[in-house]
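Residues in the sequence shown are numbered consecutively from 659, following this note's numbering.
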Amino acid sequence: MSLPQDTDVLIVGAGMAGVTTAWALRQVGIRSIVLEAQDRIGGRIQTSRKWKKIPCDMGAGWVSHPTINPLIEIARKKKIELSPSDLSKIAIHDYSNDEVDDLWGLYGTAYAGVKLEAESRRDQGKRDIGLSPVLPGVLDTMNLDPKTRRGIEFFIDTSITQAYAADQKDLSLYNWDDNYTELFLGLWIVPDGYIRFVEMLKKGLDIRTETVVCEIDRDEQGVFVKTRSYGEFRAPYAVVTVPHGVLAKGHIKFTPPLPPWKQEAIDRVRTGLSDKFWFHFPRKFWKSKRAVVGRADPEGKWSLWLNFEKYHDNEPVLLAFNRTRYAAKLEKMSDDAVVAEAMAVLRKEYGRRTPDPIAMQRSTWGTNEFSEGTITHLPPGASAEDYLTLGKPVGRLRFAGDSTCPEFNLQVIGAFWSGVREAERVTSDMLMSRRGPKSARV
Ligand SMILES: Cc1cc2nc3c(=O)[nH]c(=O)nc-3n(C[C@H](O)[C@H](O)[C@H](O)COP(=O)(O)OP(=O)(O)OC[C@H]3O[C@@H](n4cnc5c(N)ncnc54)[C@H](O)[C@@H]3O)c2cc1C
659 MSLPQDTDVL IVGAGMAGVT TAWALRQVGI RSIVLEAQDR IGGRIQTSRK WKKIPCDMGA
719 GWVSHPTINP LIEIARKKKI ELSPSDLSKI AIHDYSNDEV DDLWGLYGTA YAGVKLEAES
779 RRDQGKRDIG LSPVLPGVLD TMNLDPKTRR GIEFFIDTSI TQAYAADQKD LSLYNWDDNY
839 TELFLGLWIV PDGYIRFVEM LKKGLDIRTE TVVCEIDRDE QGVFVKTRSY GEFRAPYAVV
899 TVPHGVLAKG HIKFTPPLPP WKQEAIDRVR TGLSDKFWFH FPRKFWKSKR AVVGRADPEG
959 KWSLWLNFEK YHDNEPVLLA FNRTRYAAKL EKMSDDAVVA EAMAVLRKEY GRRTPDPIAM
1019 QRSTWGTNEF SEGTITHLPP GASAEDYLTL GKPVGRLRFA GDSTCPEFNL QVIGAFWSGV
1079 REAERVTSDM LMSRRGPKSA RV
């Protein structure tokens, strides 16, 4: 057991939010210690270097919002290569490119139909429900032939259920896209791995890995953070940046308990699940050069495949996504069984001669107790106000992380901004308390 250790600020979690908080505090000379449960930093940014020439991002893969994203400037200054990725360029197996391009317009019509239906229900004072059955009902009114309907369902799966890592029934009809920001303004891949950003920001910081925080006590003077194996740390402030899923599961005990307004918001928001599956093939068997080479599957299983050949010297690499219950089921299966499931689907589409992959690697965010899923969504009854509440301070306890940023809660940019926000709040509190009456001094 080590003795209690003193610093200005304790930061729980070394994902983008935690590392950014410490980095921003360091700029103004405030000391911090970052306590990270896992044996690596980055959290839901994790680059696997198992395949020597092909870094594989298991979590965040795209840099979004280029006009306002500070990571773009960091990449320029630190020479981190970015490569444009146009996810609006979609090929669907068995559909011509013209057919697919036409689906965009129909998808827009369906989206608008859902919004109108939501408005009408709201006006009638009806309670919030899930996107199902409203979305299928809207598609029914569009009188689509079966192939077109399957195509639109692929778009819905890719842009809504897969993107929010949640089934339609679990997404609030009124608020599911409260945080919607225009992703297609530009997306960038980091061919050398997203983790480069975290590695750049961590320089000079005191980060303790394999330090699992299990309890946080607070009083008017400060905060005591208890860890599983390295004793207790204390400081005037703590910034908690663990994922929403970890808070919702109650893995960290708060004494006194978090106030009801905070706990209720934690309980209303949900964390979903979406896993990534990287396949390295001996040769390319798909024809399209488009970024997405999907297949229209009614259940959304093995339907979203991204074409990564252009980022890695034309190596035949595909990245698949699976979500929710099916992803949870796959997490319990062996690698061989997962490959067999995927290959059965691919051979049905591309023929019996489709080669087995040389290798496959995948994420398992659902069974990781330090993520407890991937990203948050708003189920019926929740709203973006809840994300704001997740970020509100409780005395000297502060909260950062993607889910505390209502505008960008699904993205690294949200984690980054939340870290800057909390660093600024702590800095201004410390300045105020130094100027204020002695009793308020830290
Ligand atoms: C599969 C997937 C794909 C994604 N794709 C994109 C994308 O393309 N673009 C994008 O912008 N965003 C994407 N995201 C979202 C993005 O990864 C997150 O928004 C962002 O990384 C969150 O950062 P964070 O610091 O808030 O949380 P995290 O990265 O989860 O960091 C929290 C840290 O807390 C630690 N921790 C947890 N419990 C404890 C404890 N008890 N004690 C100490 N430490 C603890 C964790 O180990 C972790 O390191 C994706 C996420 C996933 C999972």
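Yeah, the Cβ is synthetic: ideal placement off N, Cα and C, and Gly gets one too.
Distances from the CB of P901 to the heavy atoms of ligand 1 include at least one below 7 Å.
By DSSP's assignment, T929 forms a beta bridge with T1034.
With respect to the 8 Å criterion, R1020 and K934 are classified as neighbours on the basis of their beta carbons. At a Cβ-Cβ threshold of 8 Å, Y832 and D786 count as neighbours. Not one heavy atom of ligand 1 is found less than 7 Å from the C-beta of H1035.
It is roughly 12 Å from the alpha-carbon of R1005 to the alpha-carbon of V997.
Per the coordinates, the alpha-carbon of K736 lies some 10 Å from the alpha-carbon of I730. Counting other Cβ atoms within 10 Å of its Cβ, K860 reaches 16 or more and is therefore classed as buried. Taking the Cα of Q1069 as reference, the smallest distance to any Cα among Y852, W709, E967, P940 is reached at Y852. In the DSSP assignment, D864 falls within the beta strand (DSSP E) that extends over 864 to 866. The shortest C-alpha to C-alpha distance from A923 to any of E1030, P1038, E878, E1007 is the one to P1038. Here the segment 929 to 949 makes contact with the segment 706 to 726; the two share three or more CB pairs at distances below 8 Å.
Between F812 and S961, the C-beta gap is smaller than 8 Å, which places the two residues in contact. Taking R876 as reference, the option from G1053, G1077, L693, M1088 with the minimal CA-CA separation is G1053.
In this structure, D815 keeps its C-beta atom at 8 Å or more from the C-beta atom of T982. W944 and P901 have their alpha carbons spaced roughly 37 Å apart.
Sorting W720, A1000, R1056, E739 by C-alpha distance to the C-alpha of T679 places R1056 at the top. Collapsing the DSSP output to three states places E1080 in a helix.
Following the DSSP letters along the chain, one finds N965 inside the beta strand (DSSP E) bounded by residues 962 to 965. Runs of the beta strand (DSSP E) lying entirely within the segment 878 to 959 and spanning at least 3 residues, in chain order: 881 to 885, 890 to 893, 895 to 898, 911 to 913, 932 to 938, 950 to 952.
D666 is the residue among Y984, S1061, D666 whose C-alpha sits nearest the C-alpha of G687. The alpha-carbon separation between F1074 and L802 amounts to approximately 43 Å. In the three-state reduction of the DSSP assignment, I748 falls in the strand class, which pools E and B. Assignment of N980 by DSSP, reduced to helix, strand and coil, places it in the strand class. Non-local beta-carbon contacts of T1025 in its own chain, meaning distances under 6 Å to residues more than five positions away in sequence, involve E989 in chain order. Relative to ligand 1, E1007 has its C-beta separated by 7 Å or more from all heavy atoms.
In this structure, the beta-carbon distance from T1034 to K920 does not fall below 8 Å. DSSP places E757 outside any beta strand (DSSP E); the residue lies instead in the alpha helix (DSSP H), whose first and last residues are 755 to 781.
The C-beta distance from T913 to E873 rounds to 7 Å, short enough to meet the 8 Å contact threshold. Straight through space, the alpha carbons of G1077 and A896 are spaced by roughly 12 Å.
Distances from the alpha-carbon of E775 to those of A682, K968, S830, K911 put S830 closest.
Of all C-beta pairs linking the segment 693 to 702 to the segment 667 to 674, three or more are shorter than 8 Å, placing the two stretches in contact. For C714, the pairing in a beta bridge is given by DSSP as S706. Take W681, set aside five residues on each side of it, and the residues of its chain with a beta-carbon closer than 7 Å to its own are L859, L863, in chain order. A heavy atom of ligand 1 is found nearer than 7 Å to the CB of A672. In the same chain as T1012, and ignoring 5 residues on each side of it, the C-beta atoms closer than 6 Å to its own belong to F943, L1004, R1005, in chain order.
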